[in-house]
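Here the structure comes first, spelled out in structure tokens, and everything after it is commentary.
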Amino acid sequence: MKVHFRRTGTLMAAAVIGTLGLTACGNATDNATSGGGGGATSAATKLTVTFIPKNLGNPYFDTSDAGGKKAIGEFGGTYSEVGPQQASPDAQVQYINTAAQQRTSALVVSSNDPKAICDALNQARKAGTKVVTFDSDADPTCRDVFVNQATTEGIAKIQVDLVTKAIGDSGEIAILSASANATNQNAWIDLMKSQLQSSHPNVKLVDVVYGNDDDQTSFDKTAALLQSHPNLKGIVSPTTVGVAAAARYLSTSDKKGKVYLTGLGTPNQMRQYVKDGTVKEFALWNPSDLGYLAAYAAKAVVDGTITGKEGDKFTAGTLKEYTVGKNGTVVLGDPFVFTAENIDQFKF
Amino acid sequence: MSRTYASYAHPWWQRLLVNREVAVLALLVAVVIWAVGNVVYFGTTLTMTYLLLDTAPVLFIALPMTMVIVTGEIDLSVASVVGLSSVIVGVLYRAGVPIGVAALVALVVGLLCGALNGYLVAYVGLPSLAVTIGTLALFRGLAVGLLGTTAVTSFPKEWTDLATAQIGTTGIPLIMVPFVLLAVVLALVLHFSPFGRGIYDIGLSPEAADFSGVNVARTKFVLFLLTGVVSAFAGIYYTFRFGSARGDNATGLELQVIAAVLLGGVSIFGGRGRLLGVIAGVLLIGAISSALRLLGVTVNVINIIIGALLVASVLTTNVLPWASSLTARLRRPGTRPQQAPSGVGSSKR
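Chains A and B, in that order, give the protein sequences.
Sequential numbering from 0 applies to the first sequence in numbering that gives the first Met the number 0.
Sequential numbering from 0 applies to the second sequence in numbering that gives the first Met the number 0.
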């Protein structure tokens, strides 16, 4: 008796809830289609640029997007910054879609996956939004221009220049890299090797070791390098994890000040070691300039000054004139060298 | 049992309209109506298309997850199964296997993942929280191990287009067709079949369910199989939707699924909850974040709002039944004395 009653109740409940659900869906769709005309006017007049970094709360992107904001302030556009909390492509797609719906004039994106955000970017472009990628490119078919922080050649050259100058252009050096199959690092190392051979015959690269971009491994490998090569005069670590771990080891070892360390690092990680004299100089690009340039590139694409074609020229505020290169790429310039004098200007 | 019995003391219309599922649904409708009126660009078909495309994996996985949670168990490994099936499609396709076959293999792998979870929980008797935390790491590890940090992206356009295709010009994504079918089938199973009743019985009391003839172990095993295979399907969809197979695809998705299930009124202790509420819960979270994104609210604030909503909802899941039984008692003060042994209430008269 009880069971029977309960089941009828359930059936009825389901039936009514089901109808409610249907009508609710119907309402949502109706509203969705009818409300469309209302809001389309507000964004069209002023140049709006939306920055979508890989993730928010990342000091690197805080710095780059602040550069973008400065540029947008200079040319009188509207700046906004949105993005996911974690650096994942699916979350980024939602923000790209949103910006496209808002008919933003231009998106400046650092992509979490070159392919996964492609469809979303192209949909945005179909709706009239211009797309500039910076820091990390998307597939070239889904953006107008890519603002590259530095070229492979530039990054290899600055590191060779720094280390050879510091050790007086002769002696043994070693490289502490990321993992053995890291694409970027291997490309840089290959170029560094050929530059050393051609222009610095007295500098001998004695070892390349891999810290796997793991702090402890990089720390241990630094210790091993110094033991197995007692005459080592310089270490180059073209990865932020590696150079920070090597600096941490050196700062407490008796080789401090005797072995010159440089590489690609971030000011926040390296500040302490630059101040205590373990590291004199290291390189990276200036993210603030990168964001600044990307914002001006976005403006140039919206204005029609550039289309992404090779040879197009535009002016980027205080950074002066830039030319679009192959594959719609604009290169920021030579890497930036951080020293004890300038490191406190950078908070990333 | 006493709570269930007490709820039947309400008139039928109250039971239909004053319950958790309708409350979530009403909140969803309210949010949508508010957003259409107040959020620029929310009232476009595109918003609904994106909303459904974005929430589709959560919608799918929430269905079997509801059933698992109703039995009092949990499956935390779902997002890792999404990642693993995505990687398997990618790796096989890259190796020259036809894409349909690759997708089938991924489904089978999902089934095997579910079988491992289900076997350990149902037949070995280990707690599902511990088992699936383990397999969360295990399946994700396999996924990342198979593909490393690279991604497979060269999927045929027919398949990636299919994942974002719409039904005619309605703006409703095609992926909603299999979803609605699955939702209807699972709703029938959960709410109108002996197997479904067994799921609730297990959640209320596994011992009692066992004594009343419910095959507890088999039921749990089947449900874990189901989450495995549905998660794998979601993984295949995810792969084509983004055209990218990566080891870290859908990391953290399990928490979105569980959050939506709890918001939809399912009790984490089991025995309580309905699919309709869960579907409304998923869409509610989706609609709120979509509206807030359009308003330019940052992700941290969106998370705070959704987190607060979730805490409030868990509170009400536990406070509302207590409050309703209290009002039931207050409204009919005479009930108890009348049923009490003779002489207790009347002796003083």
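Each residue gets a CB set at the ideal place from its N, CA and C atoms; glycine is no exception.
Original post:
Using a C-beta to C-beta distance shorter than 9 Å, which residues of chain B count as neighbours of residue 94 of chain A?
Top reply: As a working note, residue 94 of chain A is residue 95 in the first sequence. Within chain B, the residues near residue 94 of chain A are 292 and 298.
Original post:
What residues of chain A sit near residue 323 of chain B, judged by a beta carbon separation below 8 Å?
Top reply: Reading the second sequence from its first residue, position 324 is the one you call residue 323 of chain B. The premise fails here: residue 323 of chain B is roughly 16 Å from chain A at the closest Cβ pair, so nothing lies under 8 Å.
Original post:
How long is the line joining the alpha carbons of residue 283 of chain A and residue 289 of chain A, rounded to whole angstroms?
Top reply: Counting from 1 along the first sequence, the entry for residue 283 of chain A is found at position 284. Counting from 1 along the first sequence, the entry for residue 289 of chain A is found at position 290. Residue 283 of chain A and residue 289 of chain A: Cα-Cα distance of roughly 11 Å.
**OP:** Please name the residues in the stretch 141 to 155 of chain B whose beta-carbon is closer than 7 Å to at least one beta-carbon of chain A, in chain order.
**Re:** 150 and 152
Subject >> For residue 176 of chain A, the three-state DSSP class (helix, strand or coil) >> reply: Within the first sequence, the letter at position 177 stands for residue 176 of chain A. In this structure, residue 176 of chain A counts as strand in the three-state DSSP scheme.
Subject >> Separation of residue 279 of chain B from residue 287 of chain B, as counted between CA atoms >> reply: By 1-based counting over the second sequence, the position of residue 287 of chain B is 288. By 1-based counting over the second sequence, the position of residue 279 of chain B is 280. In a straight line, the C-alpha of residue 287 of chain B is about 12 Å away from that of residue 279 of chain B.
Subject >> beta-carbon residue 226 of chain A near the ligand ZN non-hydrogen atom, thresh 8 Å >> reply: Among the ligands in the structure shown, none appear at all, so the ligand ZN cannot be discussed.
**OP:** Quick one: grab the DSSP three-state call for residue 32 of chain A.
**Re:** Locating residue 32 of chain A in the first sequence gives position 33, counting from the first residue. Any reading at residue 32 of chain A must be qualified, since the residue scores a pLDDT of 35, below 50, and its modelled position is unreliable; no value is offered.
Subject >> Meets three-Cβ-pair contact criterion under 8 Å: the stretch 324 to 333 of chain A and the stretch 103 to 122 of chain A >> reply: no
Original post:
Using a Cβ-Cβ distance under 9 Å, would residue 97 of chain A count as near chain B?
Top reply: Residue mapping note: residue 97 of chain A aligns to position 98 of the first sequence, counting from 1. Yes, its Cβ sits closer than 9 Å to a Cβ of chain B.
Subject >> Beta bridge counterpart(s) of residue 149 of chain B as assigned by DSSP >> reply: To locate residue 149 of chain B, count along the second sequence from 1; it is residue 150. BP columns for residue 149 of chain B are empty, so no partner.
**OP:** Measure the C-alpha to C-alpha separation of residue 195 of chain B and residue 266 of chain A and round it to an integer number of angstroms.
**Re:** Along the second sequence, read from residue 1 onward, the residue named residue 195 of chain B stands at position 196. Along the first sequence, read from residue 1 onward, the residue named residue 266 of chain A stands at position 267. Taking the straight line from one Cα to the other gives about 59 Å.
**OP:** Report buried or exposed for residue 340 of chain A, applying the criterion of at least 16 other Cβ atoms within 10 angstroms of its Cβ.
**Re:** One-based indexing of the first sequence puts residue 340 of chain A at position 341. So residue 340 of chain A counts as exposed.
**OP:** For residue 316 of chain A, I'd like the list of residues in its chain whose CB is within less than 7 Å of its CB, leaving aside the five on either flank, ordered along the chain.
**Re:** Numbered from 1 along the first sequence, position 317 holds the residue referred to as residue 316 of chain A. Excluding sequence neighbours, residue 316 of chain A sits near 70, 73, 291 and 295.
Original post:
Looking at the C-beta of residue 55 of chain A, does it have a partner C-beta in chain B at a distance below 9 Å?
Top reply: Position 56 of the first sequence, counted from the first residue, corresponds to residue 55 of chain A. Yes, because at least one Cβ of chain B sits closer than 9 Å to the Cβ of residue 55 of chain A.
Original post:
What are the boundary residues of the alpha helix (DSSP H) that includes residue 284 of chain B?
Top reply: Counting from one through the second sequence, the residue named residue 284 of chain B turns up at place 285. Here the alpha helix (DSSP H) through residue 284 of chain B covers 274 to 293.
Original post:
Under the DSSP definition of a beta bridge, which residues are partnered with residue 312 of chain A?
Top reply: Along the first sequence, one-based indexing puts residue 312 of chain A at 313. Residue 312 of chain A pairs with A:322.
Subject >> Minimum Cβ-Cβ distance from residue 80 of chain B to chain A less than 9 Å >> reply: Position 81 of the second sequence holds residue 80 of chain B. So, not an interface residue.
**OP:** At 7 Å on the CB atoms, spell out the chain B contacts of residue 115 of chain A, in chain order.
**Re:** Here residue 115 of chain A is taken as the residue at index 116 of the first sequence, counted from 1. Those within 7 Å of residue 115 of chain A in chain B are 241, 242 and 243.
**OP:** Please classify residue 160 of chain B: is it buried, with 16 or more other beta-carbons within 10 angstroms of its beta-carbon, or exposed?
**Re:** Counting from 1 along the second sequence, the entry for residue 160 of chain B is found at position 161. Classification for residue 160 of chain B: exposed.
Original post:
In chain order, what residues of the stretch 51 to 62 of chain B put their CB closer than 8 Å to some CB of chain A?
Top reply: 53
**OP:** Tell me whether residue 205 of chain A sits in a helix, a strand or coil according to DSSP, three-state version.
**Re:** Walking along the first sequence from the start, residue 205 of chain A turns up at place 206. Strand.
Original post:
Could one say the Cβ of residue 249 of chain B lies closer than 9 Å to chain A's Cβ atoms, at least one of them?
Top reply: Locating residue 249 of chain B in the second sequence gives position 250, where the first residue counts as 1. Interface residue, yes.
**OP:** Please work out which residues of its chain come closer than 8 Å, Cβ to Cβ, to residue 255 of chain B, disregarding the five sequence neighbours upstream and downstream, and give them in chain order.
**Re:** The residue given as residue 255 of chain B occupies position 256 in the second sequence. Excluding residues within five positions, the ones whose Cβ falls inside 8 Å are 57 and 284.
Original post:
In terms of residue numbering, what span does the beta strand (DSSP E) encompassing residue 74 of chain A cover?
Top reply: Translated into the one-based positions of the first sequence, residue 74 of chain A becomes position 75. Careful: residue 74 of chain A lies outside any beta strand (DSSP E) and carries neither H nor E.
**OP:** Would you verify that the beta carbon of residue 176 of chain A is, or is not, closer than 9 Å to some beta carbon of chain B?
**Re:** Counting from 1 along the first sequence, the entry for residue 176 of chain A is found at position 177. Output row for residue 176 of chain A: interface = no.
Original post:
So, does the CB of residue 176 of chain B fall closer than 9 Å to a CB anywhere in chain A?
Top reply: Indexing the second sequence from 1 puts residue 176 of chain B at position 177. No, no contact with chain A.
Subject >> Beta-carbon proximity of residue 76 of chain A to residue 48 of chain A, cut-off 9 Å >> reply: Locating residue 76 of chain A in the first sequence gives position 77, counting from the first residue. Locating residue 48 of chain A in the first sequence gives position 49, counting from the first residue. Yes. Within cutoff.
**OP:** Give a yes or no on whether 9 Å exceeds the smallest Cβ distance from residue 0 of chain B to chain A.
**Re:** Numbered from 1 along the second sequence, position 1 holds the residue referred to as residue 0 of chain B. Residue placement at residue 0 of chain B is poorly supported in this model, since its pLDDT is 43, which falls under 50; the coordinates still yield a value, given next. Closer than 9 Å: no.
Original post:
Going by beta carbon distance, what residues of the same chain come within less than 6 Å of residue 202 of chain B, once the five residues before and after it are set aside?
Top reply: Here the question's residue 202 of chain B lines up with position 203 in the second sequence. 69, 70, 71, 269 and 270, listed in sequence order.
Subject >> Through-space distance from residue 253 of chain A to residue 118 of chain A, alpha-carbon basis >> reply: Counting from 1 along the first sequence, the entry for residue 118 of chain A is found at position 119. Counting from 1 along the first sequence, the entry for residue 253 of chain A is found at position 254. Going from the Cα of residue 118 of chain A to the Cα of residue 253 of chain A covers about 55 Å.
Original post:
Quick one: Cα of residue 193 of chain A to Cα of residue 111 of chain B, how far?
Top reply: For the purposes of this step, residue 193 of chain A is taken as residue 194 along the first sequence, with counting starting at 1. For the purposes of this step, residue 111 of chain B is taken as residue 112 along the second sequence, with counting starting at 1. C-alpha separation (whole angstroms): 51 Å.
Original post:
Since residue 79 of chain A sits in a beta bridge, which residues does DSSP pair it with?
Top reply: Counting from one through the first sequence, the residue named residue 79 of chain A turns up at place 80. BP columns for residue 79 of chain A point to A:49.
Original post:
Where does the unbroken beta strand (DSSP E) through residue 280 of chain A begin, and where does it stop?
Top reply: Numbered from 1 along the first sequence, position 281 holds the residue referred to as residue 280 of chain A. From DSSP, the beta strand (DSSP E) with residue 280 of chain A extends over 280 to 283.
**OP:** Anything in chain B within Cβ reach of residue 88 of chain A, meaning under 7 Å, just list it in chain order.
**Re:** If you number the first sequence from 1, residue 88 of chain A lands on position 89. Result: 241 and 243.
Original post:
Between residue 236 of chain A and chain B, is there a C-beta pair that is closer than 9 Å?
Top reply: Reading the first sequence from its first residue, position 237 is the one you call residue 236 of chain A. Not closer than 9 Å to any Cβ of chain B, the Cβ of residue 236 of chain A fails to qualify, so no.
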